[in-house]
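See below for the structure under consideration.
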Amino acid sequence: MTVFYIVIQQIVNGLILGSFYSLIALGYSMVYGIIKLLNFAHGDIYMVGAFVGYGALGILGSRLGIGWLGIAAALLISMFLVGLLGMLVHRLAYQPLINKRAPRMSLLITAVGVSFTLFNGVMVLTNGEYKTFNTGLGYEGISLGLVNITYTQIIMVVATGILMLTLYWFINRTLYGKAMRAIALDQDACRLMGINVTKTIGLTFFVGSALAAAAGVMAGVYYGSIQFYMGFVIGLKAFTAAVIGGIGSIPGAMIGGLILGLLETAGTQLPFIGSAWKDVFSFGILILLLVFKPTGILGKSEIERM
Amino acid sequence: MGNSVGLMDRFRKILGLRKTQGILLAVLSLLVILLPLVANNYIEEVATNTLFYIVLALGLNIVVGYAGLVDLGYAAFFAVGAYTTGIFMKFGLNFWLTIPIAILFSVIAGIIIGGPTLRLRSDYLAIVTLGFGEITRITARNLKITGGASGLVGIQRPSIFGHILNQITDFYYLFLVLVVLAIIIAIRLHNSRLGRAWQYIREDEDAAEAMGIDPVKTKLYAYMIGASFGGIAGAFFAVKMTAISPETFAFTQSALILLAVILGGMGKIPGAILGAAFLVLFPEIFRGIGQMRMLLFGILLVIIMIFRPQGLWPERKG
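Written as structure tokens, this is what we have:
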């Protein structure tokens, strides 16, 4: 019976981890879908999101309290500011290269440069220190036998669900979403139809970065502490999640994140993997997947040469 | 003596230098050779470090510059070489005998990484190489034989003809020899049939394939040769430092070597040398700004890509 409870508990933990992966994977997938850029800096955007959220909570905490109201406000502020940062990065670093029709390798290297800049910028600003998220959240929750689910965990999953539904609505039901989907299909035709392609790409960066920022703030609240290098490994894993689901596909990114979260949590429990090897396990999945099924679960297959 | 003059002439021809440039090169070589006579320990240390990064940059240049493949995990090969030498020397093997083993292991690593992944698109390849780089580092950190998180310490200094190499000047000349060998190999490769095949694939893979070049095999050669450069550099790094730890081979290391190649101009040998020199000298010159220098590096990379994506000293297209 205990084994059963452990399995349930790990599924819960895996879903939480998976929802962080999903939120970040969405940004990778959206940007990739629209301009075929592997936005290497996306993990660092997530990290910046956590720090902006930390700063906002510090300022707002005295007025709104450090409970859910303060956290929600900090989350929204971080999403907005980091969304703008994403747009700025696109405008300053990527758009000049897109205009020149530069090779994809140059874009990729630029993305590495942006990642370096954000990573080291935050390191300099924070002196490389850990920051502790001071929240008033306790560990109360629901207990089902040996399984404990805290209210924090429930709210995290619900919040992720709300963000994803909103995104789904935005992409499929609004004119902006329609423009994004159109650009992913054919940029030149979009220009002819009077769609402002550059602005729409900027908007994609805004939405993707805002979602990563949301994940950053939630991770900060959930794990309690943040540091400047938190984005690197998780960025790689979110990319793995995006590939699992099929890069470019939005539902794929959501599913891929949850699958990776569950796989990784399961992997940690296996005796020969354990927590020391869990990153190797995830990257191993990524490599095997890229080699054998690069289109992922929901991705479209396309033959392409670089 | 006449033989060496002939060599200089051939060099000049290979490099496509004019007479004045040839003289310039000769003067520069003389300066590099005589440097330890006038320099203090600090300058020698920095110069040795520069030479070391030149070997790495020339190796990565084969992968990135010649064959046009993105590699974000080059430090993995460097790590394989360093650990192989370190471990075998712990078992009592002579340093010079560990070098072929280090080369063998890093080439095998190159095949393992390249074999299954070279069919992938370049952006996927970037992520896969990054993943492999991280896997290598984590493996080194978790295994017993590699000394875990603290790494290997107390690696013996090598000796040559009974003379133990333990002064910085010894290593300066050792690395200088390595650099010269690396440059000769890189030039020979560039002008070889294989070198032309790489260029062809880089410019137009479909056309290259139509001309009977096997792209996967040719790319794999680039990986293997690039990996062996990294492996050799790693072996020498291990005995120079006498201690190696997994964190030396983190992603930042791979990114910096890539930066050297791109900064100098992909595919060009003087470019890679220039890039590596810049990479080592920049933080030394800007020692005062401390952590800010990595931030500047990032910004610089973006600016170079926007304004001079072909690098500071790019290859001239014929």
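Protein sequences, first through last, are from chains A and B.
Residue 1264 is where the first sequence starts when you use our numbering, and the numbers rise one by one after that.
Residue 87 is where the second sequence starts when you use our numbering, and the numbers rise one by one after that.
Every residue, glycine too, gets a C-beta built ideally from N, C-alpha and C.
Return helix, strand or coil for residue i, following the three-state DSSP convention.
{"i": "residue 1411 of chain A", "result": "strand"}
{"i": "residue 178 of chain B", "result": "coil"}
{"i": "residue 88 of chain B", "result": "Residue confidence for residue 88 of chain B is low, a pLDDT of 45 falling below 50, so the modelled location carries little weight; the figure read from the coordinates is stated next. In the structure shown, residue 88 of chain B sits in a helix (DSSP, three-state: H, G or I)."}
{"i": "residue 1278 of chain A", "result": "helix"}
{"i": "residue 1341 of chain A", "result": "helix"}
{"i": "residue 299 of chain B", "result": "coil"}
{"i": "residue 136 of chain B", "result": "helix"}
{"i": "residue 1522 of chain A", "result": "helix"}
{"i": "residue 1395 of chain A", "result": "strand"}
{"i": "residue 1560 of chain A", "result": "coil"}
{"i": "residue 278 of chain B", "result": "coil"}
{"i": "residue 1510 of chain A", "result": "coil"}
{"i": "residue 194 of chain B", "result": "helix"}
{"i": "residue 331 of chain B", "result": "coil"}
{"i": "residue 355 of chain B", "result": "helix"}
{"i": "residue 320 of chain B", "result": "helix"}
{"i": "residue 1404 of chain A", "result": "strand"}
{"i": "residue 238 of chain B", "result": "strand"}
{"i": "residue 119 of chain B", "result": "helix"}
With a cut-off of 9 Å, does the C-beta of residue i fall near any C-beta of chain B?
{"i": "residue 1367 of chain A", "result": "yes"}
{"i": "residue 1557 of chain A", "result": "yes"}
{"i": "residue 1303 of chain A", "result": "yes"}
{"i": "residue 1530 of chain A", "result": "no"}
{"i": "residue 1394 of chain A", "result": "no"}
{"i": "residue 1540 of chain A", "result": "yes"}
{"i": "residue 1359 of chain A", "result": "yes"}
{"i": "residue 1525 of chain A", "result": "no"}
{"i": "residue 1550 of chain A", "result": "yes"}
{"i": "residue 1494 of chain A", "result": "no"}
Here's the rule I'm using: 16 or more other beta-carbon atoms within 10 Å means buried, otherwise exposed. How should residue i be labelled?
{"i": "residue 107 of chain B", "result": "exposed"}
{"i": "residue 1284 of chain A", "result": "buried"}
{"i": "residue 330 of chain B", "result": "buried"}
{"i": "residue 87 of chain B", "result": "Reliability of the predicted coordinates at residue 87 of chain B is poor, the pLDDT of 42 falling under 50, and no value is obtained from them."}
{"i": "residue 1408 of chain A", "result": "exposed"}
{"i": "residue 1383 of chain A", "result": "buried"}
{"i": "residue 1325 of chain A", "result": "exposed"}
{"i": "residue 1435 of chain A", "result": "exposed"}
{"i": "residue 292 of chain B", "result": "exposed"}
{"i": "residue 332 of chain B", "result": "buried"}
{"i": "residue 1415 of chain A", "result": "buried"}
{"i": "residue 220 of chain B", "result": "buried"}
Going by CA-CA distance only, name the one from the options that's closest to residue i.
{"i": "residue 143 of chain B", "options": "B:328, B:318, B:371", "result": "B:318"}
{"i": "residue 283 of chain B", "options": "B:394, B:152, B:141", "result": "B:152"}
{"i": "residue 203 of chain B", "options": "B:332, B:301, B:325, B:354", "result": "B:301"}
{"i": "residue 350 of chain B", "options": "B:275, B:339, B:134, B:364", "result": "B:364"}
{"i": "residue 1308 of chain A", "options": "A:1552, A:1318, A:1291, A:1320", "result": "A:1291"}
{"i": "residue 1272 of chain A", "options": "A:1515, A:1361, A:1411", "result": "A:1411"}
{"i": "residue 1320 of chain A", "options": "A:1360, A:1541, A:1334, A:1455", "result": "A:1334"}
{"i": "residue 366 of chain B", "options": "B:345, B:121, B:394", "result": "B:345"}
{"i": "residue 396 of chain B", "options": "A:1293, A:1365, A:1277, A:1313", "result": "A:1365"}
{"i": "residue 165 of chain B", "options": "B:238, B:148, B:117", "result": "B:238"}
{"i": "residue 213 of chain B", "options": "A:1560, A:1556, A:1546, A:1561", "result": "A:1546"}
{"i": "residue 257 of chain B", "options": "B:217, B:198, B:322, B:229", "result": "B:322"}
{"i": "residue 1515 of chain A", "options": "A:1267, A:1387, A:1295, A:1269", "result": "A:1295"}
{"i": "residue 1442 of chain A", "options": "A:1493, A:1351, A:1459", "result": "A:1459"}
Is there at least one Cβ from chain A nearer than 9 Å to residue i's Cβ?
{"i": "residue 383 of chain B", "result": "yes"}
{"i": "residue 323 of chain B", "result": "no"}
{"i": "residue 332 of chain B", "result": "no"}
{"i": "residue 217 of chain B", "result": "yes"}
{"i": "residue 154 of chain B", "result": "yes"}
{"i": "residue 205 of chain B", "result": "yes"}
{"i": "residue 297 of chain B", "result": "no"}
Quick one: what's got a C-beta closer than 7 Å to residue i's C-beta in the same chain, skipping five residues either side?
{"i": "residue 1495 of chain A", "result": "1306"}
{"i": "residue 1472 of chain A", "result": "1290, 1308, 1345, 1346, 1348, 1349"}
{"i": "residue 1373 of chain A", "result": "1356, 1357, 1360"}
{"i": "residue 1298 of chain A", "result": "1361, 1464"}
{"i": "residue 265 of chain B", "result": "137, 140, 141"}
{"i": "residue 1403 of chain A", "result": "1413, 1414"}
Quick one: does the C-beta of residue i sit closer than 8 Å to a heavy atom of the ligand ZN?
{"i": "residue 319 of chain B", "result": "The ligand ZN is not part of the structure shown, which contains no ligands of any sort."}
Going by beta carbon distance, what residues of the same chain come within less than 6 Å of residue i, once the five residues before and after it are set aside?
{"i": "residue 1445 of chain A", "result": "1453"}
{"i": "residue 1398 of chain A", "result": "1329, 1484"}
{"i": "residue 1287 of chain A", "result": "1309, 1475, 1478, 1501"}
{"i": "residue 285 of chain B", "result": "none"}
Grab me the residues of residue i's own chain with a C-beta within less than 8 Å of its C-beta, minus the 5 sequence neighbours each way, in chain order.
{"i": "residue 242 of chain B", "result": "175, 181, 325, 328"}
{"i": "residue 336 of chain B", "result": "161, 223"}
Going along chain D, which residues have a C-beta under 7 Å from residue i?
{"i": "residue 1384 of chain A", "result": "No chain D appears in the structure shown, which is made up of the protein chains A and B."}
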